[in-house]
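K.L.:
Questions regarding the structure given below will be posed in turn.
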Amino acid sequence: MSPTVKAGDARRDRWSDHRARRRREFVDAALRVLEAQGPDLPMDAVAAEAGVTKPVLYRYFQDKSALVGALAERGSEILLDRLLPAIRAGCPALSRCGTRSARTSR
């Protein structure tokens, strides 16, 4: 394989990594806006929180529903990151839930 093809692949990989990082940054900004302003999630506010203009945001998310979908994926990741250690703990379910849940189940 020629060096030109390898260089092109590396450039494509860097661009893909850059796009993935930027999307994560925008989702993080959207999470902050969601926490501060609630479920309306104004795209102007997300763009401002991310430090970009709305057209830049729309290069990464076709529309608001695409951003909301990315937020849902991130929420699932957060939930799994928190739940899996408790699920894998290997102890009775109520002890994994903590004392508050054990008290409410009486």
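Residue numbers for the sequence shown follow this note's numbering, beginning at -10 and rising by one. Think of the CB as a built atom: it goes at the ideal place given N, C-alpha and C, for glycine as much as any other residue. Bear in mind the structure is a predicted one, so any value in this text is a computation, not a measurement.
1. Which class does D(-2) belong to by DSSP, given the choice of helix, strand or coil?
2. Could you pull the start and end residues of the alpha helix (DSSP H) that A78 belongs to?
3. I need the straight-line Cα distance from L60 to E24, nearest angstrom please.
4. Once DSSP output is grouped into helix, strand and coil, what is the label at G40?
5. Compute the distance between the beta-carbons of Y49 and M32, then report whether it is under 9 Å.
6. Whole-angstrom Cβ separation of V22 and A9, contact assumed at under 8 Å?
P.N.:
In terms of the structure at hand:
1. helix
2. Where A78 is concerned, there is no enclosing alpha helix (DSSP H), because DSSP gives it neither an H nor an E.
3. 12 Å
4. coil
5. no
6. The Cβ separation is near 21 Å, so there is no contact.
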